[in-house]
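Each remark here refers to the structure printed beneath this line.
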Amino acid sequence: MTKTETPLLSLKNIVTKVNVNTPNEVMILRHLNLDIYAGDFITVLGSNGAGKSTLFNTISGELPVNDGRIQLKDHDITHLSVEKRTAFLARVFQDPKMGTAPRMTVAENLLLASQRGKRRTLRLRRLKQSLPHFKALAATMNNGLSERLSTATESLSGGQRQALSFLMATEQHPDLLLLDEHTAALDPKTSAELMTQTNQRVTQEKLTCLMITHHLDDALKYGNRLIVLDQGQIKYDVRGAEKAALTKDKLLSFFDTIE
1 MTKTETPLLS LKNIVTKVNV NTPNEVMILR HLNLDIYAGD FITVLGSNGA GKSTLFNTIS
61 GELPVNDGRI QLKDHDITHL SVEKRTAFLA RVFQDPKMGT APRMTVAENL LLASQRGKRR
121 TLRLRRLKQS LPHFKALAAT MNNGLSERLS TATESLSGGQ RQALSFLMAT EQHPDLLLLD
181 EHTAALDPKT SAELMTQTNQ RVTQEKLTCL MITHHLDDAL KYGNRLIVLD QGQIKYDVRG
241 AEKAALTKDK LLSFFDTIE
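Numbering-wise, the UniProt record's numbering puts 159 at position 159 of the sequence shown, and it's gapless, one number per residue.
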């Protein structure tokens, strides 16, 4: 990254509140600033209540910005709707049940994802013609998903369903991918397998990605950049060689200083 490089996404002096105009009003993000560059794979750490999910909800438009500005390249998207942001943004949630249509088959879900951000018209869905592509895509997950294209999604295992959610989110190569603790609900073996495939796809496709995780080992192992949130602000931002040299003990010692 050079000083002259333009960020893909910029959050400028962002304030996000919940329960606005009530006695329970709370400011979660406190004048937060963050520049995200094309190709960044950023792991996001922070204790409970630090603002990680609020950051993702603010970027995705689920929560309105109370002050500040969000800019995508040269466009101000501060007040852009959630629906319109899906043209350039995709998200995978912690719960494997989110992000997929349970009664639709694996292939039908992938077909739906292939139309993300495109103009909807009345036309034949051409599912049969897409099956070879979907089978090859599902095979990259190495978990048997490619043999279950005609299976209703609700009948998949949790790991297969989350793998499908990930494939759906990345099928159209979004400008920005948000991974919201997407392996947290899985057993350790399945979680590790999905993380391996996540890293491979994100790096090979040069996707720009933010990933919330509570696993320090994953935060250190994956990505080119690591940020730590505390009390609604970014207190630590390390990248490149500096991140590669970071150890678990050093990271733990940093958490000790902000608690």
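For glycine and all other residues, C-beta sits at the position ideal for the given N, C-alpha and C.
The model shown is predicted, which means the values in this text are computed figures rather than measured ones.
Whole-Å CB distance - residue i paired with residue j, under 8 Å assumed
i           : j           : result
residue 211 : residue 179 : 4 Å
residue 29  : residue 51  : 5 Å
residue 105 : residue 161 : Not really, about 12 Å apart at Cβ, beyond 8 Å.
residue 36  : residue 8   : 6 Å
residue 163 : residue 145 : 6 Å
residue 170 : residue 90  : 7 Å
residue 230 : residue 208 : 24 Å between Cβ atoms; not a contact.
Where residue i sits in the DSSP three-state scheme
i           : result
residue 12  : strand
residue 249 : helix
residue 7   : coil
residue 185 : coil
residue 128 : helix
residue 20  : coil
residue 122 : With a pLDDT of 44 at residue 122, under the threshold of 50, the modelled position of that residue is not reliable, and no figure is offered here.
residue 175 : coil
residue 79  : coil
residue 101 : coil
residue 256 : helix
residue 229 : strand
residue 89  : strand
residue 244 : helix
Best match in the options for proximity to residue i [C-alpha to C-alpha]
i           : options              : result
residue 177 : 197, 92, 104 and 145 : 92
residue 245 : 256, 221 and 234     : 221
residue 67  : 163, 135, 13 and 189 : 13
residue 72  : 11, 172 and 191      : 11
residue 239 : 233, 228 and 136     : 228
residue 191 : 159, 86 and 206      : 159
residue 103 : 153, 75, 130 and 15  : 153
residue 252 : 167, 21, 217 and 139 : 217
residue 173 : 39, 151, 81 and 183  : 39
residue 188 : 82, 206, 215 and 111 : 215
residue 202 : 224, 74 and 213      : 224
residue 234 : 15, 61 and 193       : 15
Rounded C-alpha distance that separates residue i from residue j
i           : j           : result
residue 226 : residue 45  : 8 Å
residue 248 : residue 132 : 43 Å
residue 58  : residue 115 : 24 Å
residue 95  : residue 185 : 7 Å
residue 3   : residue 157 : Summary for residue 3: the model assigns pLDDT 49, below 50, so the residue's position carries little reliability; its value from the coordinates is reported in the next sentence. Answer to the nearest angstrom: the Cα atoms are 46 Å apart.
residue 199 : residue 47  : 24 Å
residue 81  : residue 31  : 21 Å
Extent of the continuous beta strand (DSSP E) to which residue i belongs
i           : result
residue 218 : Where residue 218 is concerned, there is no enclosing beta strand (DSSP E), although the alpha helix (DSSP H) it sits in stretches over 216-221.
residue 72  : 67-72
residue 29  : 26-36
residue 43  : 41-46
residue 211 : 209-212
residue 149 : Where residue 149 is concerned, there is no enclosing beta strand (DSSP E), given that its DSSP letter is neither H nor E.
Unbroken alpha helix (DSSP H) run spanning residue i, endpoints
i           : result
residue 164 : 158-170
residue 238 : First-last for residue 238: 233-239, but that is the beta strand (DSSP E), not the alpha helix (DSSP H).
residue 56  : 52-60
residue 107 : 106-114
residue 85  : 82-85
residue 201 : 188-204
Below-8 Å beta-carbon distance, residue i vs any chain C residue
i          : result
residue 11 : Absent from the structure: chain C. Only one protein chain is present.
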